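*Asks:*
Residue numbers (my numbering): 118 to 355.
As C-alpha cells, this is what we get:
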C-alpha cells in the first residue's frame with residue numbers, strides 16, 4: 118500500500134470583484150484587483166502543482182488541495198473552471214481564519230497525511246522550496262513551521278500533529294499575528310522553525326516588477342444553482 122503523502126492546502130477566495138483584495142482594489146479598482154488576484158493564486162497553484170514528483174532525494178512529494186471560500190457549490194464550480202483538474206477542491210470550514218486553518222489541518226492529518234501545510238494564495242515568491250523546507254523541518258523534529266510575512270502575519274504554517282491552541286485568540290489581519298502565534302508556541306514548549314520572510318500582495322506597491330495580470334480569467338460571477346461541490350479524483354481530495 119502506498120504511504121500517504123504530506124498535504125499542501127492553498128487557501129483561496131472565489132475571485133469576485135469587491136470580495137478579494139479590497140485594499141488593492143481601493144488603489145487600482147475592483148476589476149483589476151480581481152485579475153491580479155487570479156494571477157497570484159493561479160501562479161501559486163501552478164508552482165506547487167508541479168512539485169508532486171521529486172527530482173532529487175532532497176525533494177519531498179506532496180498532495181495538493183485548494184481550500185476555497187465562500188464554501189458553496191457555485192464557488193466550487195468557478196474554482197475548478199479557473200484552476201483546472203489534478204488537484205482537490207475542498208470548501209473551507211466555517212469560522213474565523215484560525216478555525217478554518219485548524220479544521221483543514223485536522224482533517225488532513227486524520228486522513229492519514231503525515232504532515233499538513235496551509236499556504237496563502239497571494240505570495241508571488243512562494244514555491245516548492247519553502248514548502249519542501251517546511252516538511253523537512255518537521256521531519257527533523259520541529260513541531261510547527263511558520264513562513265513569516267513582513268506585515269507581521271505568516272504565509273505558511275505546517276504541522277505534524279493538530280495544535281488547535283496555535284489558532285485561538287489570534288488577532289487576525291493585524292501586525293501581531295505571528296508574534297502572538299510564537300508566544301502560544303513557546304507556552305507549549307513547541308519546537309518552531311521559521312522560513313525566510315516573503316511578502317504577500319495587499320497593495321500595488323507589493324507587486325513584483327513586471328507583474329502581469331491573469332491570462333486565464335474566468336467569469337467573476339456566475340450561477341450558484343449547483344447542489345454539490347466538485348472535487349478532484351482520489352487520492353488528492355479529502
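Here a beta-carbon is modelled for each residue, glycine too, at the ideal position from N, C-alpha and C. Bear in mind the structure is a predicted one, so any value in this text is a computation, not a measurement.
If you check the beta carbons only, do residue 274 and residue 309 fall under 8 Å apart?
*Replies:* In this structure, residue 309 does not lie closer than 8 Å to residue 274 by Cβ.
*Asks:* When you compare the region 246-263 with the region 130-138, are there three or more beta-carbon pairs, one atom per stretch, that lie closer than 8 Å?
*Replies:* These segments do not touch.
*Asks:* In terms of alpha-carbon separation, which member of 147, 318 and 322 lies closest to residue 158?
*Replies:* For the residues 147, 318 and 322, the minimum Cα distance to residue 158 belongs to 318.
*Asks:* So is residue 333 buried or exposed if we call it buried at 16+ other beta carbons inside 10 Å?
*Replies:* Below a pLDDT of 50, predicted positions are generally treated as unreliable, and residue 333, at 48, falls in that range; the measurement from the model is reported next regardless. Residue 333 is exposed by the Cβ-count criterion.
*Asks:* From 287, 299, 306 and 253, pick the residue whose C-alpha is nearest to that of residue 213; which is it?
*Replies:* The residue with the shortest Cα to Cα distance from residue 213 is 287.
*Asks:* Going by other Cβ atoms of all chains shown within 10 Å of its Cβ, with 16 needed for buried, is residue 178 buried or exposed?
*Replies:* With fewer than 16 other Cβ atoms within 10 Å, it is exposed.
*Asks:* Can you tell me which of the three DSSP states residue 148 falls into?
*Replies:* Helix.
*Asks:* I need the DSSP call for residue 208, collapsed to helix, strand or coil.
*Replies:* Three-state DSSP puts residue 208 in a strand.
*Asks:* Check the C-beta distance from residue 266 over to residue 326 and give it rounded, since I have them as a contact under 8 Å.
*Replies:* Going by Cβ atoms, the distance from residue 266 to residue 326 rounds to 19 Å, so no, they are not a contact pair.
*Asks:* What residue range is occupied by the uninterrupted beta strand (DSSP E) comprising residue 233?
*Replies:* Note, residue 233: beta strand (DSSP E), 233-237.
*Asks:* Distance, Cα to Cα, residue 301 vs residue 323?
*Replies:* So the two alpha carbons sit approximately 29 Å from each other.
*Asks:* Terminal residues of the continuous alpha helix (DSSP H) containing residue 252?
*Replies:* Residue 252 -> alpha helix (DSSP H) spans 245-256.
*Asks:* Confirm, please, whether the CB-CB distance from residue 125 to residue 181 is below 8 Å.
*Replies:* Result yes, Cβ atoms of residue 181 and residue 125 sit closer than 8 Å.
*Asks:* Which word fits residue 292, buried or exposed, when buried means at least 16 other C-beta atoms lie within 10 angstroms of its C-beta?
*Replies:* Flag for residue 292 reads exposed.
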